[in-house]
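Reading through the structure tokens given below for one structure.
Numbering (our numbering), first residue to last: -11 to 120.
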């Protein structure tokens, strides 16, 4: 193994290759601007997610995390995505960035959703005789 030899001198090509491999496997954290998020949300849905576009994935703590799509992997009839540090995510494991949706529509859709759920909850009773 080249890394274990003590007398190996790294030439510029070896250094550049190592930097590229490190960047591919451990990408730097990027912060999107508003324009990138809005353009990503407004992209036609037929394009889905392309390399370099922003997407949210559900992290290990079940919270949505924003990162860049690093790789698109078509296998058989399914498409997998590498998003940030996560590998082989299916299409239903990622979504368009919520921040972009908020920039376009504001919080109105989420407020309406809460209002509608409260109205449904008033009409439904899960326990007979319970007026709370």
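Using N, Cα and C, we set each Cβ at its ideal position, and we do this for glycine too.
The structure displayed is predicted, hence computed values, not measured ones.
Name the DSSP bridge partner or partners of residue i?
{"i": "residue 55", "result": "43"}
Would residue i and residue j qualify as a contact pair, given that the criterion is a beta-carbon distance under 8 Å?
{"i": "residue 29", "j": "residue 43", "result": "no"}
{"i": "residue 92", "j": "residue 26", "result": "yes"}
{"i": "residue 45", "j": "residue 82", "result": "yes"}
{"i": "residue 87", "j": "residue 54", "result": "yes"}
So, with DSSP's three-state summary, where would you put residue i?
{"i": "residue 62", "result": "strand"}
{"i": "residue 70", "result": "strand"}
{"i": "residue 77", "result": "strand"}
{"i": "residue 82", "result": "strand"}
{"i": "residue 29", "result": "helix"}
{"i": "residue 88", "result": "helix"}
{"i": "residue 111", "result": "helix"}
{"i": "residue -3", "result": "coil"}
{"i": "residue 93", "result": "helix"}
{"i": "residue 19", "result": "coil"}
{"i": "residue 104", "result": "helix"}
{"i": "residue 6", "result": "helix"}
{"i": "residue 24", "result": "helix"}
I believe residue i touches residue j by the beta-carbon criterion, under 8 Å. Please report the beta-carbon distance rounded to the nearest angstrom.
{"i": "residue 71", "j": "residue 39", "result": "About 10 Å separates the two Cβ atoms, so there is no contact after all."}
{"i": "residue 68", "j": "residue 37", "result": "At roughly 11 Å, the Cβ-Cβ gap does not stay under 8 Å, so residue 68 and residue 37 are not in contact."}
Notebook entry, point to check: Counting pairs of beta carbons, one from the segment 71 to 78 and one from the segment 87 to 106, are three or more of them closer than 8 Å?
Noted result: With fewer than three CB-CB distances shorter than 8 Å, the segment 71 to 78 does not count as touching the segment 87 to 106.
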